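Contents: one structure, followed by commentary.
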Amino acid sequence: MPLSETACEILRFFRDTHREPGACMTMATLDAHLGTDPTVAVAISELEQLGYATVPDAGRPN
Numbered sequence: 080m081p082l083s084e085t086a087c088e089i090l091r092f093f094r095d096t097h098r099e100p101g102a103c104m105t106m107a108t109l110d111a112h113l114g115t116d117p118t119v120a121v122a123i124s125e126l127e128q129l130g131y132a133t134v135p136d137a138g139r140p141n
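Position 8, counted from 1, in the sequence shown is what our numbering calls 87; the numbers after and before it change by one each time, with no gaps.
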């Protein structure tokens, strides 16, 4: 399954700025880099569903 362009951009941003395993990034950081476009939230969900990222505060029950 190919990734969306926004998802690829998020992964590139992670690669350039967060090289340690388990690195964290906030939505505020992504908003500052990519803007507040709704496609960012969709791309994050896409990355989470494919296992590229974890989203601990996604509103899922524990």
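Cβ atoms here follow ideal geometry from the backbone N, Cα and C, with glycine treated the same way.
Predicted, not measured: the structure shown is a model, and the values here were computed from it.
Straight-line Cα distance separating residue j from residue i
i, j, result
"Cys103", "Leu113", "16 Å"
"Arg94", "Leu82", "16 Å"
"Glu88", "Thr118", "11 Å"
"Gly130", "Pro100", "14 Å"
Distance CB(residue i)-CB(residue j) smaller than 7 Å
i, j, result
"Glu125", "Val134", "no"
"Ala120", "Thr85", "no"
Secondary structure of residue i, DSSP reduced to three states
i, result
"Cys87", "helix"
"Pro100", "coil"
"Val134", "coil"
"Leu126", "helix"
"Leu82", "coil"
"Ala110", "Per the sequence shown, the amino acid found at residue 110 is Asp instead of Ala. It is helical."
Buried/exposed call for residue i, threshold 16 Cβ in 10 Å
i, result
"Leu109", "buried"
Residues near residue i by beta carbon distance below 6 Å, same chain, minus five either side
i, result
"Ala132", "Leu126"
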